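Each residue of the sequence shown is one higher than the one before, counting from 1 in full-length UniProt numbering.
Note that beta-carbon positions come from the ideal geometry of N, C-alpha and C, so glycine has one too.
Fair warning: this is a prediction, and the values are worked out from it, not measured in the lab.
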Amino acid sequence: MNTDLHDHWNTVYLTKSADTLSWYQAEPHLSLELIAGAQLNPDDAIIDVGAGASALADALLRRGARDLTLLDLSEQALAVTRSRLGSAPQVRYLSADLLNADLPQSHYALWHDRAVFHFLTDEADRARYVHQASRAVRPGGTLVLGTFAPDGPKRCSGLEARQYGPEQLGGIFAPTFHLTAARHEQHLTPGGQVQTFTFVVLNRLL
Numbered sequence: 001m002n003t004d005l006h007d008h009w010n011t012v013y014l015t016k017s018a019d020t021l022s023w024y025q026a027e028p029h030l031s032l033e034l035i036a037g038a039q040l041n042p043d044d045a046i047i048d049v050g051a052g053a054s055a056l057a058d059a060l061l062r063r064g065a066r067d068l069t070l071l072d073l074s075e076q077a078l079a080v081t082r083s084r085l086g087s088a089p090q091v092r093y094l095s096a097d098l099l100n101a102d103l104p105q106s107h108y109a110l111w112h113d114r115a116v117f118h119f120l121t122d123e124a125d126r127a128r129y130v131h132q133a134s135r136a137v138r139p140g141g142t143l144v145l146g147t148f149a150p151d152g153p154k155r156c157s158g159l160e161a162r163q164y165g166p167e168q169l170g171g172i173f174a175p176t177f178h179l180t181a182a183r184h185e186q187h188l189t190p191g192g193q194v195q196t197f198t199f200v201v202l203n204r205l206l
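Right, dumping it as structure tokens:
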């Protein structure tokens, strides 16, 4: 585990309210729209990597999800979600470094990320991420990925971040994944700033 990043994110969630953080969304509309497009069954396994204290879990549970894994480097972030959701046997909380996490093979019907990939500034880390997703998402499964767009921020929460267009992301995840859809999002932060995101939908090939 990267202890520096672990401590960084724990400090963020210990010292700031989740609804004041720049990435906060009361309702993650675009993520939910793209996830709905995967036409999942209620028992299909979903993983949200870099879940933080996101309200995505709440929304997925309201829509009937029964097998949801929330992975984050920060146990403090997951504690915020756990306290908000209360008793939710459909949810598994996994505090781990995604790049080294022991995830079940060919298990997840859907992998969602709006928090992790654009922070990976090292090429080896990006390759490890692709390996983890390729191993964990079942053939025919879906990866919904949001990153900062080419005109998006270069830093977030004091950390360097990278920017991507749809074709770049499609190329990085090929040939295991195939780019099937792309969207742009203008995210309004709680502080009133606009951040541009690229979202892609990638299909795990057989």
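Burial state of residue i (16 or more Cβ within 10 Å)
{"i": "Asn-203", "result": "buried"}
{"i": "His-131", "result": "exposed"}
{"i": "Thr-81", "result": "buried"}
{"i": "Thr-20", "result": "exposed"}
{"i": "Gly-191", "result": "exposed"}
{"i": "Gly-86", "result": "exposed"}
Whole-angstrom distance between residue j and residue i, CA atom to CA atom
{"i": "Gln-168", "j": "Gly-37", "result": "22 Å"}
{"i": "Phe-177", "j": "Leu-145", "result": "12 Å"}
{"i": "Arg-162", "j": "Gly-171", "result": "15 Å"}
{"i": "Arg-155", "j": "Ala-45", "result": "32 Å"}
{"i": "Asp-4", "j": "Pro-166", "result": "30 Å"}
{"i": "Arg-128", "j": "Leu-99", "result": "6 Å"}
{"i": "Ala-77", "j": "Thr-180", "result": "31 Å"}
{"i": "His-187", "j": "Arg-66", "result": "29 Å"}
{"i": "Asp-125", "j": "Ser-83", "result": "31 Å"}
{"i": "Glu-185", "j": "Trp-111", "result": "19 Å"}
{"i": "Pro-175", "j": "His-6", "result": "31 Å"}
Whether residue i touches residue j by CB criterion (9 Å)
{"i": "Thr-142", "j": "Ile-35", "result": "yes"}
{"i": "Ala-196", "j": "Arg-183", "result": "A small correction: the amino acid at residue 196 is Thr; Ala does not occupy that position in the sequence shown. Going by C-beta atoms, Thr-196 is not nearer than 9 Å to Arg-183."}
{"i": "Asn-2", "j": "Ala-109", "result": "no"}
{"i": "Ala-136", "j": "Gln-105", "result": "yes"}
{"i": "Gln-25", "j": "Ala-51", "result": "no"}
{"i": "Pro-28", "j": "Ala-59", "result": "yes"}
{"i": "Leu-70", "j": "Leu-94", "result": "yes"}
{"i": "Gln-193", "j": "Ser-31", "result": "no"}
{"i": "Val-49", "j": "Ala-149", "result": "no"}
Contacts around residue i, its chain only, beta-carbon distance under 6 Å, and the 5 residues preceding and following it disregarded
{"i": "residue 218", "result": "Here the chain covers residues 1 to 206 and nothing more, so residue 218 does not appear."}
Cβ shell of residue i (< 8 Å), same chain only, five flanking positions each side left out
{"i": "Glu-160", "result": "Phe-119, Thr-121, Lys-154"}
7 Å CB neighbourhood of residue i in its chain, flanking five on each side removed
{"i": "Leu-206", "result": "Pro-139, Gly-140"}
Check your understanding: Counting only runs that start and end within the UniProt domain "Methyltransferase" (46-141), where is the alpha helix (DSSP H) found for 4 or more residues in a row?
Key -> Within the UniProt domain "Methyltransferase" (46-141), the complete alpha helix (DSSP H) segments at least 4 residues long are 56-62, 75-85, 123-136, listed from N- to C-terminus.
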